[in-house]
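See below for the structure under consideration.
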Amino acid sequence: MRTRTLHVVAALVAGLMTASLAACGEDDGAGAESFTVGLLLPNRVTPRWEHSDKPLIEQRLKELCADCTMVYANAENDAARQRQQVISMITNGAKVLILDPADSRAVRSSIQEAKRAGVPVIAYDRLAEGPISGFVSFDGAQVGRLQGEALLKAMDERGRGRTVVMMNGDPSSANAAWFREGAMSVISGKAKIARSYDTAGWSPENAHANMSAAISALGADRIDGVVAANDAIAAGVISAFKNAGVKDLPPITGQDADLEAVRRIVKGEQYMTVYKPFEKEAAAAAAMAVAVGRDEGADGVATTTTDSPTTKDIPSILLTPKEVTADNVRQTLINEGRFTVEQICVRPLRAACAEIGLTG
């Protein structure tokens, strides 16, 4: 995956939001046009898709185009089902699709079918192969770098060695390799990769099985840190250590800032996660979809371009992720409105929250 930055992301995204809202306020021309946007998300295993992305995209679409409608489908980690969902939305008159692929390669034929039908596809969060019209995500290489840097720091702070297990994402997602490459750019030469596993479906159960295998092969006391690609994988990793009777867990990374992951960070079970402000990603995707749906193209709202294995110079918006540890939960998540203290600091965690200054 290769990207080229064209503009300053934050300023341009803010500008395109304002411009899009102004256009939607018009009473005639493009502003009055109504159409259907299809939203296709990959699974229910990762909490953010149903709890954050879907409602945020739907809300922003309504703000940008009051007369537009959104139809929704979840692939539940089934690539064949998602291909059928794409075709169904095209058949039922969707004018533009926002697609987070369950399998970045398998959905290629459906995207080609959409292009033949004149329905542009915006890849969301995960890059998809095929003739997509735009891409909205976070900088995946930076996500991996944040994980790698945090892990090295934590191992040093705890006086541990530098033997690491890589718990990667699902290889059917282009993002999995993106995250891993970012982490390896930091870790290579500075730590020993003792084992590396792919996690089918990003599922905690598969992560648990893989981590249990690593513990059995290496011994828990010889694992100094774990790069877990996201918070669902981190949950499986932690359960495997606990199942093996390990109480002093090594530093474990994550991604997505799921509420349960943040609680694990407060408890000291998970060292860090990566926060990706979903509101900004959802707003950017909605703005790009509305622009494309009005036949204005994605170039006017894009801030960079991305190359996929099949398509060059895809108009893209890549936002900046943030590291979250126990030291900055308030600054990164509470002050930005992601969670409240009350949501994080449930009764069993109140003492732990007080220790890191999370009160009231």
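In this text, residue positions in the sequence shown follow this note's numbering: the first is 10, and each later residue adds one.
The beta-carbon is built from N, C-alpha and C at its ideal position, and this holds for glycine as well.
With a threshold of 16 other CB atoms inside 10 Å of the CB of residue i, please say whether the residue is buried or exposed.
i: Arg356; result: exposed
i: Ser370; result: Since the first residue shown for the chain is 10 and the last is 369, residue 370 is missing from the structure and cannot be characterised.
i: Gln151; result: buried
i: Gly34; result: Bear in mind that the predicted position of Gly34 carries a pLDDT of just 41, short of 50, making it too unreliable to give a figure here.
i: Thr349; result: exposed
i: Asp165; result: exposed
i: Ala75; result: exposed
i: Met79; result: buried
i: Asp36; result: Reliability fails at Asp36, whose pLDDT of 39 lies under 50, so the model's placement of it is uncertain and the value that follows must be treated cautiously. So Asp36 counts as exposed.
i: Leu367; result: buried
i: Glu345; result: exposed
i: Arg135; result: buried
i: Glu332; result: buried
i: Ser325; result: buried
i: Asp322; result: exposed
i: Ala237; result: buried
i: Ala226; result: exposed
i: Pro213; result: buried
Do residue j and residue i have their beta-carbon atoms positioned less than 7 angstroms apart in this structure?
i: Ala270; j: Gly263; result: yes
i: Gly178; j: Trp211; result: yes
i: Lys276; j: Ala361; result: yes
i: Ala335; j: Ile274; result: yes
i: Phe287; j: Ser146; result: no
i: Leu327; j: Thr341; result: no
i: Ser317; j: Glu190; result: no
i: Ala200; j: Arg171; result: yes
i: Glu85; j: Arg53; result: yes
i: Ile141; j: Val173; result: no
i: Thr315; j: Phe144; result: yes
i: Ala159; j: Met281; result: yes
i: Pro180; j: Ala111; result: no
i: Ala292; j: Thr55; result: no
Which residue wins for smallest C-alpha separation from residue i, given the options the options?
i: Gln279; options: Asp267, Thr319, Gln93; result: Asp267
i: Met176; options: Val275, Gly170, Gly168, Ala185; result: Ala185
i: Asp233; options: Pro259, Ala216, Lys199, Ala209; result: Pro259
i: Asp87; options: Ser182, Asp148, Thr368; result: Ser182
i: Asn239; options: Tyr284, Lys321, Ala137; result: Tyr284
i: Glu290; options: Asn52, Ala209, Asp148; result: Asp148
i: Thr100; options: Ala84, Arg125, Asn83, Gly153; result: Arg125
i: Arg339; options: Ala209, Val174, Ala203, Glu364; result: Glu364
i: Trp187; options: Lys162, Gly153, Lys251; result: Gly153
i: Gly302; options: Pro140, Asn83, Ala103; result: Ala103
i: Thr329; options: Ala226, Leu155, Asn215; result: Leu155
i: Glu42; options: Ile66, Cys77, Leu50; result: Cys77
i: Ala224; options: Ala241, Ala209, Ser205; result: The identity of residue 224 in the sequence shown is Ile, whereas the question assumes Ala. Minimum Cα distance to Ile224 is reached at Ser205.
i: Glu351; options: Ala293, Arg272, Asp304, Ala292; result: Arg272
i: Asn215; options: Glu59, Ile196, Ala249; result: Ala249
i: Thr265; options: Asp230, Lys251, Arg347, Ala209; result: Note on residue identity: the sequence assigns Asp, not Thr, to residue 265. Comparing Cα positions, the closest option is Arg347.
i: Ile96; options: Leu358, Leu161, Glu122; result: Glu122
i: Ala163; options: Glu59, Ala229, Ile120, Val235; result: Val235
Which residues does DSSP list as the beta-bridge partners of residue i?
i: Lys331; result: Tyr284
i: Gly47; result: Val80, Leu106
i: Lys201; result: Thr172
i: Gly143; result: Ile131
i: Val235; result: Val174, Ile261
i: Asp322; result: None; Asp322 has no bridge partner.
- request: Would you check if the region 87 to 97 and the region 54 to 74 touch, i.e. whether three or more CB-CB distances between them fall below 8 angstroms?
  value: no
*asked:* Measuring CB atoms only, is the region 41 to 61 touching the region 104 to 119, in the sense that at least three cross pairs come out at less than 8 angstroms?
replied: yes
**Asked** Are the region 295 to 308 and the region 129 to 145 touching by the rule of at least three beta carbon pairs closer than 8 angstroms?
**Response** yes
### Message
Check whether the region 233 to 247 and the region 203 to 219 are in contact - that is, three or more C-beta pairs closer than 8 angstroms.
### Response
yes
Taking contact to mean 3 or more Cβ pairs, one atom from each stretch, closer than 8 angstroms, check whether the region 300 to 315 and the region 114 to 121 are in contact. no
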